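Peer 1: Numbers given in the numbering used here equal positions in the sequence shown, counted from 1, plus 16.
Don't be surprised by glycine CBs; every beta carbon is placed ideally from N, CA and C.
Being a predicted model, the structure only gives us computed values, none of them experimental.
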Amino acid sequence: MPPRPDAVNLNELLARIAKSAGLALIVGVLILIFVYGAQGFTSKFNLFNLTRNLSVAAVVGFGMMVVLALGHMNLALGSTALASVMIMGWVMKVAALPVPVAVGCGLAVGSLLGLLNGWLIVKTKLHSFIITLATASMFLGLVLIMFPGGPISDLPREFTGISKTRYFGWVSGMLLITLVAGVVLAVMYRFTTLGRQMLATGANPDAAELSGIPVSRAILLAHTLSGFLAALAGVMFTARQGSALLSTGEDWLLASFLAPLLGGTLLAGGYVSVVGAFLGAMLVGILQNGLVLIGVPDFWVEFVLGLTLLITVSLDRLRNVLAARRGN
17 MPPRPDAVNL
27 NELLARIAKS
37 AGLALIVGVL
47 ILIFVYGAQG
57 FTSKFNLFNL
67 TRNLSVAAVV
77 GFGMMVVLAL
87 GHMNLALGST
97 ALASVMIMGW
107 VMKVAALPVP
117 VAVGCGLAVG
127 SLLGLLNGWL
137 IVKTKLHSFI
147 ITLATASMFL
157 GLVLIMFPGG
167 PISDLPREFT
177 GISKTRYFGW
187 VSGMLLITLV
197 AGVVLAVMYR
207 FTTLGRQMLA
217 TGANPDAAEL
227 SGIPVSRAIL
237 LAHTLSGFLA
247 ALAGVMFTAR
257 QGSALLSTGE
267 DWLLASFLAP
277 LLGGTLLAGG
287 YVSVVGAFLG
297 AMLVGILQNG
307 LVLIGVPDFW
317 VEFVLGLTLL
327 ITVSLDRLRN
337 VLAARRGN
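1. Do Leu98 and Gly265 come within 8 Å of each other at the CB atom, strictly closer than that value?
2. If you measure between the beta carbons of Thr324 and Leu274, is that distance less than 8 Å?
3. Any heavy atom of the ligand NAD inside 7 Å of the beta-carbon of Val45?
4. At the level of alpha carbons, what is the spacing between Pro167 and Arg68?
5. Closest by CA to Leu66, which one among Gly211, Gln213, Ala37, Leu191?
6. With a floor of 4 residues, list each alpha helix (DSSP H) that falls wholly inside the stretch 124-158, ordered by position along the chain.
7. Is the stretch 71-86 touching the stretch 296-305, taking contact as three or more C-beta pairs under 8 Å?
8. Tell me which residues share the same chain as Leu321 and place their Cβ nearer than 8 Å to its Cβ, disregarding the 5 neighbours each side in the sequence.
9. Run the CB neighbour count on Ile103, radius 10 Å, all protein chains shown included, and call it buried at 16 or more, exposed below.
10. Are the beta-carbon atoms belonging to Ser153 and Phe64 less than 8 Å from one another?
11. Quick one: what does DSSP say Ser289 is sitting in, helix, strand or coil?
12. Given a threshold of 16 other Cβ atoms within 10 Å of its Cβ, counted over all protein chains shown, does Ile137 qualify as buried or as exposed?
13. Does the stretch 47-57 come close enough to the stretch 234-250 to have 3 or more Cβ pairs within less than 8 Å?
14. Which word fits Ser330, buried or exposed, when buried means at least 16 other C-beta atoms lie within 10 angstroms of its C-beta?
15. For Lys109, which residues from the same chain have a beta carbon less than 6 Å from its beta carbon, with the 5 sequence-adjacent residues on both sides left out?
16. Quick one: give me the first and last residue of the alpha helix (DSSP H) that Met81 is part of.
17. With DSSP run on the structure shown, which of helix, strand or coil describes Ile229?
18. Check whether the Cβ atoms of Met252 and Ile193 sit closer than 8 Å, and answer yes or no.
19. What separation, rounded to the nearest whole angstrom, lies between the Cα atoms of Gly130 and Met214?
20. Assuming the contact rule is C-beta atoms closer than 8 Å, Ser100 and Gly126 should be a hit. Round their C-beta distance to whole Å, please.
21. Kindly indicate which three-state DSSP category Ile327 falls into: helix, strand or coil?
22. Could you have a look at Phe163 and say whether DSSP puts it in helix, strand or coil?
23. Quick check on the DSSP output: what are the complete alpha helix (DSSP H) runs of length 4 or more inside the stretch 86-115, in order along the chain?
24. At the level of alpha carbons, what is the spacing between Ile327 and Ala111?
25. Measure how close the beta-carbons of Asn133 and Asn90 come, nearest whole angstrom, since I'm counting them as under 8 Å.
26. For Arg182, list the residues DSSP reports as bridge partners.
27. Hey, how far is the Cα of Ile229 from the Cα of Glu174?
28. Since Phe273 is in the alpha helix (DSSP H), which residue starts that stretch and which ends it?
29. Going by CA-CA distance only, name the one from Val119, Leu282, Pro313 that's closest to Leu84.
30. So what does DSSP say about Ala54, is it helix, strand or coil?
31. What residues in its chain sit with their C-beta under 8 Å from that of Gly306, if we drop five residues either side in the sequence?
32. Could you check where the alpha helix (DSSP H) with Thr209 kicks off and where it finishes?
33. Starting from the C-beta of Val291, find all residues in its chain whose C-beta is less than 8 Å away, skip the five residues before and the five after it, and write them out in chain order.
Below is the structure:
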């Protein structure tokens with residue numbers, strides 16, 4: 017006799033809570049380790065920088081999460097952010113238009129580049145890996161052609177002040193932007209038809225299409241949203257730096273996969289966890305920060321993060337194999 021739908025939903029809910037609770041426990045243990053083992057970890061200066069970096073990293077993770085939901089990926093995340101912030105910086109500094117207009121232009125550029133990725137995937141039927149690998153190089157090349165003079169510096173205080181806002185003396189105001197983005201995404205996936213269509217497309221695109229779900233539209237919207245979130249992360253990063261830098265996004269790729277995958281988002285698509293992605297970004301941010309404070313060289317930090325991604329993907333693969341065996 018098949019299980020009742022409400023029982024299945026309850027089991028799924030309990031499984032999701034267990035995943036997030038387990039990750040939260042690991043984050044808590046890491047915090048305790050560094051509180052007692054890393055001098056300066058609990059200083060207001062360090063905690064402010066930690067929450068500021070976490071804010072950007074989580075939005076970067078969200079940007080990858082929304083395409084992982086389809087079983088896709090976006091290797092152009094960093095170059096999309098770069099193109100967005102350079103256009104934003106030009107509008108803000110050279111064209112001397114108001115800050116909100118410049119930020120809006122940057123977010124629009126990111127959304128359009130994401131839409132281009134989605135359109136190319138839909139029209140060519142090529143894997144998102146190939147398309148976004150190609151567009152990452154294209155976007156970077158165009159930026160270098162358009163801005164040969166390098167970074168755009170001395171951005172207005174009205175803009176850079178976003179990154180200097182503090183709550184309770186140590187919590188970055190940018191964390192509020194990240195939390196709002198996370199809540200919007202959680203509501204979209206949990207309560208809207210669009211979110212459910214994206215997850216259904218990721219779980220089984222052929223079955224989704226047969227059931228009447230507009231798969232092509234789901235792909236276009238997911239990649240557009242990914243581009244928007246990449247641009248948002250770029251805007252936050254630029255506010256922190258005070259300049260639109262050509263190095264924007266160059267080291268985001270590893271972290272963009274780590275946060276959602278650690279949080280339980282399936283590499284094959286069909287399931288996301290917004291809370292998990294945020295906790296994953298927390299884990300990565302705290303690990304990086306704590307290791308640097310105790311004097312671990314940067315190359316070892318990169319090694320640890322790469323190893324963490326390898327283990328996470330391997331466990332995801334093992335979980336899929338075990339699930340397939342149980343199904344048989």
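Peer 2: Considering the structure as presented:
1. yes
2. yes
3. Looking at this structure, you won't find the ligand NAD or any other ligand, since it has none at all.
4. 22 Å
5. Leu191
6. none
7. yes
8. Leu270, Ala271, Leu274, Val300, Leu303, Gln304
9. buried
10. no
11. coil
12. buried
13. no
14. exposed
15. Ile168
16. 60-84
17. coil
18. yes
19. 16 Å
20. 4 Å
21. helix
22. coil
23. 93-109
24. 47 Å
25. 7 Å
26. Ser188
27. 44 Å
28. 269-278
29. Leu282
30. coil
31. Leu46, Ile49, Phe50, Gly53, Ala54, Phe57
32. 209-219
33. Ser36, Gly198, Ala202, Gly279
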